[in-house]
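Everything in the sequence shown is counted per the working numbering, starting at 6 for the first residue and increasing by one. Structure first, commentary second.
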Amino acid sequence: MSVSLVIEGGPSHTARTHQFYAGSASPTVVTETVAGPLTLAACAYRAPIWPEGVDVLEAIVRNNSADPRTARLVLRAPKELTFQGTSLRHGGRAVVALPPAQPILKNSGCLTDARALPRWGKPAAPCDPGFQHIRAGMGGIPITYRFAVDRGAGAKVALGFCESHWADAKRRIMLVQAEGAAQKTLDPIAEWGKDMPGGLLFEAKDANHDGWLEVSVSPKPGSPDVNPILNVIWVFAADAQLDVKDVVLGRLNRKAKHYVDVGGSADEPQSEPGKIEFKPGEATYAVSLPSGKDASFTFLVATGSAPAPAWESTDWTAEKLRAAAEAVWSDWFKTGTPVSLPDAAAARQCRAALAQIMMSRGQADGYFLALPRPGAVGQFSHAAAARIVRALDLAGHTREAERMLRVLWQRPAPKPFAAFEQSEDGQWKDGAGSGCPQAQALLALAQHAVLTGDRDWASRAYPAMAAGAAWVRKSRADGKALSSQDAAWLAHALRTAAAVARMLGHADDAAWMLAEAQSLSTIDPDETAAYASLGPCVEAANCVIGLCTRAK
């Protein structure tokens, strides 16, 4: 399965894209797209979520202009996937966990979780009906509202309060702030008394030029009651002529650009959940960005048979995923025997190629398969696997090589990989048929044993090597026709297997293997032809082999 992200910045902008490998602890591929004033950085990496890991696609959309911008972020995926709740599914399995859409902002509303308490207020004097209700910042949560205004505009803001719980002063002391104006300290009982409505007036301004005017009420440090309250908000034009007494009585409501009966029936949060647009093959997010700001969306893509975990049911966050991935990969790169490469650029190139190999391997029940490209179990070839194992060996990651070789010598392999294990008569097969599968499988095992000199591992894998060599001898005796290149590869594999036989003290086996090799071919096989065009992971392996060979 393949998924990708695109940014649509409007019909007048032609997107430009380039891709690069980020030199972080975790192997990360970044695809950067520029569409007019908007940029999209799509970062892809593997994270170690149990049981099989997930691919993480992190999209960061940024507005580089001096004005607010809107855009559409489009996730492109196979058309057979269906949209259900917060995921894309194949059959009944979630294969892509979708992040929530960006909230839809209203022109005004509450930004915090301050609790609405209708009918809490008991005003004992004539006043606006809004004084009957409040929001309370239980536990010290600030009460914060935001209002849409022209960028940089001024406004007159009135905030109404009515304390209906305490009768004594110095119980609930609050800090009251309107953007662009000086902060005020308020003790409602000291100012007006219990159940008496009152108001504070501010000469406010959109000080940060973001098109929003923010007001807030928070507890003053040391206040015995830490729960701030607020009853009513009015926002007027900057040149409005106001008497705060008339405002409190509700006589100027019609002049207000914004009026909120805080905690009442018309009071709402400033945002509501956004919606993901879906059509087969595409999930689209509407993105609104203030000047110089960015928005992040993180997608989780299943890598194996396990479902992608839903965001609402997992403790993982984008930050935790990246940290876990960096920790795992940092440890992994330390496991191999260090290879001295000529410079930092070569080291980064080798590291990126190794990461591509490791992130593309298949795994099932403790068996690992060297794959030519991610998820391509059906395209497995022994030639590609042999080249990948060789690269891991030369780069010092011999234990990873052994994991990928296990399917060749230890039966039974799990069902997804069983087609590639050795048969009872010693033959190895694959669906590709490139590079003589029998020779490539035998060579992969034998080369690893010779390079590592690990007699314990070699003795366990040797029965499979001997059986594979014997199958070659029997096939020739049965008159099997071979191309010159297949003969050259089989001869090379037999000579390498003979070296393993000698290392383990099987002199008789070594003798007949060498004799068989001599009768097959005396020419060297063409590695360039055999390992070309086998997939991106083999290209990565060729890169590693080239770098490590030149270094030595």
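Every residue, glycine too, gets a C-beta built ideally from N, C-alpha and C.
query, result
"Distance between residue 362 and residue 267 (C-alpha atoms, nearest Å)", "58 Å"
"Three-state secondary structure assigned by DSSP to residue 179", "strand"
"beta-carbon residue 74 near the ligand ZN non-hydrogen atom, thresh 8 Å", "Questions concerning the ligand ZN fall outside what the structure shown contains, since it holds no ligand whatsoever."
"Residues near residue 559 in its chain [Cβ-Cβ closer than 6 Å; skip 5 each side]", "Shown here, the chain extends from 6 to 557; a query on residue 559 therefore has no answer."
"Contacting residues, own chain, Cβ-Cβ under 7 Å from residue 528 (five flanking each side not counted)", "493"
"Per-residue DSSP class, three states only, for residue 141", "strand"
"CB-CB length for residue 454 against residue 466, believed under 8 Å", "7 Å"
"Residue 42 to residue 165 span [Cα, whole Å]", "42 Å"
"Cα-Cα separation, residue 170 to residue 179", "15 Å"
"Contact between the segment 376 to 396 and the segment 333 to 342 (3+ Cβ pairs under 8 Å)", "no"
"Helix, strand or coil at residue 50 [DSSP, three-state]", "strand"
"Proximity below 9 Å, CB of residue 45 to CB of residue 71", "no"
"Residue environment, residue 107, which counts as buried when at least 16 other CB atoms sit within 10 Å", "buried"
"Test item: CB-CB of residue 288 and residue 136 under 9 Å", "no"
"Cβ pair residue 610, residue 121 closer than 9 Å", "Summary: the structure shown does not reach residue 610, with the chain confined to residues 6 through 557, and so no result is reported for it."
"Whole-Å CB distance - residue 39 paired with residue 163, under 8 Å assumed", "Actually they do not touch by this definition, with Cβ atoms about 45 Å apart."
"Assigned exposure category for residue 145 - 16 Cβ within 10 Å defines buried", "exposed"
"Sequence-distant residues of its chain with Cβ nearer than 6 Å to residue 307 (five each side left out)", "100 and 313"
"Alpha carbon of residue 330 to alpha carbon of residue 60, nearest angstrom", "10 Å"
"Contained alpha helix (DSSP H) runs [length at least 4] in the segment 232 to 317, N- to C-terminal order", "249 to 253"
"Unbroken stretches of the beta strand (DSSP E), 3 residues or longer, contained in the segment 372 to 410", "372 to 374"
"Spatial distance of residue 418 from residue 326 (CA atoms)", "31 Å"
"Beta-bridge pairing of residue 110 - partner residues as DSSP gives them", "276"
"The segment 497 to 512 contacting the segment 521 to 540, beta-carbon criterion three pairs below 8 Å", "yes"
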